[in-house]
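Chemist: The structure follows.
Numbering (this note's numbering), first residue to last: 174 to 581.
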């Protein structure tokens, strides 16, 4: 069957008899994906990558990496299908239940106790897949703090390189099989059963910032109280694992925690983390990283800088915009935040991580629905002012005006 398929699509399917030649073809394939498609897989373990590539290649009846490269070039849509097989998202709610019980009983109470009442608690699910991990964390914080306190104080970030998985995580809709690990009392409290499946609490879901983030190439977040990265590092080689752990070290507060998977002991040579409980894979920071690593990690992603700040040649307009007394937010044509001045950042606790976040996920969307906002922007030539807006701040309830604009 495979030989027939090969002759029909024009790609010969003889398997290379030489392992060295096969390895060479595989490296050429990886370099093509990196240089021509912007997907750098060169830091992943070759054994894991080859297994996943082979699964995809064999399903097509193709028997060599060289022929698969030709197939990719001839059928560009195959690229997305390949990524679906490479980035396998195996996750579940409260995976390894004993570990989550330990987290709820020991770690989360410490995080809450150490945070001052006016200080946000920042949690990050790195490699969030389809969202079960970040929602599990938020359930535990809501149980420990109460729903209202969780909504006001917890800032949650969930990142991945798989855009399809992120889109699914944003939907927060799960099948009966996917919610099997959730205790009934929590399921009834935090999920709504619909025809589409079980939908996670929209109120809590709105507090999560989902975004694309490459653990290898992109600078880490910062001031994180709890960083969860479970069963992700096992796919990277030792050198890359060490680099990612250095980034995690930078991201986590001195009093913060690193939450790893059961298959991932932190054994990197620099000993920058030490186990708080080795059986539960909970770690704390051991020592400071080298100065050059710190300086390298301080750099912000270029796309975030472009969207959040003015370029140097527009310094005058930047100053005028930043120092305006009127809070101003700018959205792009898709309704994502692209620019916000100092007044608005202070009022709404917006940070650089909020760049490109959809308007409906921001707290300010409580003041005006996205549908009404779109109508108002269209009617008023892409700029509106909301007058005498009531907002609960640290100083109590205040009233002020907000300007919202949209660019196309």
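Beta carbons are placed, not taken as given, at the ideal position from N, Cα and C, and that holds for glycine.
Since the structure is predicted, the reported quantities are computational estimates derived from the model, not experimental observations.
Would you mind giving the Cβ-Cβ distance between residue 202 and residue 252, rounded to the nearest angstrom? I have them listed as a contact below 8 Å.
Modeler: Against the chain shown, residue 202 aligns to sequence position 29. Against the chain shown, residue 252 aligns to sequence position 79. At roughly 12 Å, the Cβ-Cβ gap does not stay under 8 Å, so residue 202 and residue 252 are not in contact.
Chemist: Could you please give the first and the last residue of the uninterrupted beta strand (DSSP E) stretch that includes residue 458?
Modeler: Along the chain shown, one-based indexing puts residue 458 at 285. It spans 455-458 - the beta strand (DSSP E) in which residue 458 sits, taken as one unbroken run.
Chemist: Should residue 291 go down as buried or exposed, given a rule of 16 or more other Cβ atoms within 10 Å for buried?
Modeler: Here residue 291 refers to the residue found at position 118 when the chain shown is read from its first residue. Under this definition residue 291 is an exposed residue.
Chemist: Could you tell me which residues DSSP pairs with residue 563 in its beta bridges?
Modeler: Translated into the one-based positions of the chain shown, residue 563 becomes position 390. Looking at the DSSP assignment, residue 563 forms a beta bridge with 572.
Chemist: May I have the straight-line CA-CA distance separating residue 478 from residue 237, to the nearest angstrom?
Modeler: Taking the first residue of the chain shown as 1, we reach residue 478 at position 305. Taking the first residue of the chain shown as 1, we reach residue 237 at position 64. The pLDDT assigned to residue 478 is 37, lower than 50, so where the model puts this residue is not dependable; a value taken from the coordinates is nonetheless given after this. One C-alpha to the other measures close to 42 Å.
Chemist: Helix, strand or coil for residue 255? Go by DSSP, reduced to three states.
Modeler: Counted from its first residue, the chain shown places residue 255 at position 82. Residue 255: helix per DSSP, three-state reduction.
Chemist: Three-state secondary structure (DSSP) at residue 333?
Modeler: Residue 333 sits at position 160 when you count from the first residue of the chain shown. Strand, per DSSP.
Chemist: With a floor of 4 residues, list each alpha helix (DSSP H) that falls wholly inside the segment 288-330, ordered by position along the chain.
Modeler: Listed in chain order, they are 305-318 and 320-326.
Chemist: Can you check the segment 357-402 for any beta strand (DSSP E) of at least 3 residues that lies completely inside it and give the ranges in chain order?
Modeler: 364-366, 371-373, 381-385 and 397-402, all fully within the segment 357-402.
Chemist: In the DSSP assignment, the beta strand (DSSP E) including residue 425 goes from what residue to what residue?
Modeler: On the chain shown, residue 425 is found 252 positions in, with the first residue counted as 1. It spans 425-433 - the beta strand (DSSP E) in which residue 425 sits, taken as one unbroken run.
Chemist: With a 10 Å radius around its C-beta and 16 neighbouring C-beta atoms as the bar for buried, classify residue 631 as buried or exposed.
Modeler: The question about residue 631 has no answer here: the residues shown for the chain are numbered 174 through 581.
Chemist: In three-state DSSP terms, what is residue 510?
Modeler: For the purposes of this step, residue 510 is taken as the residue at position 337 of the chain shown. Residue state, collapsed to three classes: strand.
Chemist: If you follow the beta strand (DSSP E) that residue 447 is in, where does it begin and where does it stop?
Modeler: In the chain shown, the residue the question calls residue 447 occupies position 274. Its beta strand (DSSP E) spans residues 446-450.
Chemist: Output yes or no for whether 8 Å exceeds the beta carbon distance between residue 348 and residue 363.
Modeler: Your numbering for residue 348 matches position 175 in the chain shown. Your numbering for residue 363 matches position 190 in the chain shown. Taking 8 Å as the Cβ cut-off, residue 348 and residue 363 do not qualify as a contacting pair.
Chemist: Determine the DSSP secondary structure at residue 578, reduced to helix, strand or coil.
Modeler: To locate residue 578, count along the chain shown from 1; it is residue 405. Here residue 578 sits in strand by DSSP.
Chemist: Is there contact here, the segment 394-408 with the segment 270-290, by at least three beta-carbon pairs under 8 Å?
Modeler: With a cut-off of 8 Å, the segment 270-290 and the segment 394-408 count as touching, because enough Cβ pairs lie within range.
Chemist: Please report the straight-line C-alpha distance between residue 425 and residue 431, rounded to a whole angstrom.
Modeler: Counting from one through the chain shown, the residue named residue 425 turns up at place 252. Counting from one through the chain shown, the residue named residue 431 turns up at place 258. So the two alpha carbons sit approximately 8 Å from each other.
Chemist: Report yes or no: do the segment 323-332 and the segment 349-362 share at least 3 C-beta pairs separated by less than 8 Å?
Modeler: Flag = no, the segment 323-332 and the segment 349-362 do not touch.
Chemist: Check whether the Cβ atoms of residue 310 and residue 296 sit closer than 8 Å, and answer yes or no.
Modeler: Stepping through the chain shown from its first residue, residue 310 is reached at position 137. Stepping through the chain shown from its first residue, residue 296 is reached at position 123. Closer than 8 Å, so yes.
Chemist: At what residues does the beta strand (DSSP E) containing residue 222 begin and finish?
Modeler: Position 49 of the chain shown, counted from the start, is the residue given in the question as residue 222. Element bounds for residue 222: not the beta strand (DSSP E) but the alpha helix (DSSP H), 219-232.
Chemist: Can you tell me which of the three DSSP states residue 501 falls into?
Modeler: For the purposes of this step, residue 501 is taken as the residue at position 328 of the chain shown. Strand.
Chemist: Would residue 218 and residue 404 qualify as a contact pair, given that the criterion is a beta-carbon distance under 8 Å?
Modeler: Position 45 of the chain shown, counted from the start, is the residue given in the question as residue 218. Position 231 of the chain shown, counted from the start, is the residue given in the question as residue 404. For residue 218 and residue 404, no; Cβs fall outside 8 Å.
Chemist: Taking the alpha-carbon positions, what's the residue 205 to residue 522 distance?
Modeler: Start at 1 with the first residue of the chain shown, and residue 205 comes out as number 32. Start at 1 with the first residue of the chain shown, and residue 522 comes out as number 349. When rounded, the distance between both Cα atoms is 42 Å.
Chemist: By the three-class DSSP mapping on this structure, what secondary structure does residue 557 have?
Modeler: What you label residue 557 is simply residue 384 of the chain shown in a count that begins at 1. Three-state DSSP puts residue 557 in a strand.
Chemist: Checking the sheet assignment: what are the DSSP bridge partners for residue 346?
Modeler: Position 173 of the chain shown, counted from the first residue, corresponds to residue 346. Its beta-bridge partners are 372.
Chemist: Buried or exposed for residue 308, going by 16 or more other Cβ atoms inside 10 Å?
Modeler: Stepping through the chain shown from its first residue, residue 308 is reached at position 135. When all chains shown are included, residue 308 counts as buried.
Chemist: Are the beta-carbon atoms belonging to residue 418 and residue 330 less than 8 Å from one another?
Modeler: Counting from 1 along the chain shown, the entry for residue 418 is found at position 245. Counting from 1 along the chain shown, the entry for residue 330 is found at position 157. No, the pair does not count as a contact, with Cβ atoms beyond the cut-off.
Chemist: If I measure Cβ to Cβ from residue 387 and keep anything under 6 Å in the same chain, skipping five residues before and after, which residues do I get?
Modeler: By one-based count along the chain shown, residue 387 stands at place 214. For residue 387, where only same-chain residues beyond five positions count, the Cβ hits under 6 Å are 334.
Chemist: Identify, in the order they occur along the chain, each residue of the same chain with its Cβ nearer than 6 Å to the Cβ of residue 577, setting aside the five sequence neighbours on each side.
Modeler: Indexing the chain shown from 1 puts residue 577 at position 404. These residues qualify, in order along the chain: 502 and 557.
Chemist: Alpha carbon to alpha carbon, how far is residue 546 from residue 382?
Modeler: The count along the chain shown starts at 1 and reaches residue 546 at position 373. The count along the chain shown starts at 1 and reaches residue 382 at position 209. Their backbone Cα atoms lie some 21 Å apart in a straight line.
Chemist: Pull the bridge partners of residue 531 from the DSSP assignment, please.
Modeler: Taking the chain shown and counting its residues from 1, one reaches residue 531 at position 358. 509, per the DSSP bridge assignment.
Chemist: Let me know the secondary structure DSSP gives residue 409 once reduced to three states.
Modeler: Here the question's residue 409 lines up with position 236 in the chain shown. The answer is strand: DSSP assigns residue 409 an E or B state.
Chemist: Using beta-carbon positions only, say whether residue 277 and residue 317 come within less than 8 Å of one another.
Modeler: Position 104 of the chain shown holds residue 277. Position 144 of the chain shown holds residue 317. In this structure, residue 317 lies closer than 8 Å to residue 277 by Cβ.
Chemist: Taking all protein chains shown into account, do 16 or more other C-beta atoms lie within 10 angstroms of the C-beta of residue 481, making it buried, or fewer, making it exposed?
Modeler: Mapped onto the chain shown, residue 481 falls at position 308. Bear in mind that a pLDDT of 42 at residue 481, under 50, signals an unreliable position, so the model cannot answer this.
Chemist: Using 8 Å as the threshold, is the C-beta distance between residue 343 and residue 380 below it?
Modeler: In the chain shown, the residue the question calls residue 343 occupies position 170. In the chain shown, the residue the question calls residue 380 occupies position 207. Contact: no.
Chemist: Please classify residue 289 as buried or exposed, where buried requires at least 16 neighbouring CB atoms within 10 angstroms.
Modeler: Here residue 289 corresponds to residue number 116 of the chain shown, with the count starting at 1. By the neighbour-count rule (16 or more Cβ atoms within 10 Å), residue 289 is not buried but exposed.
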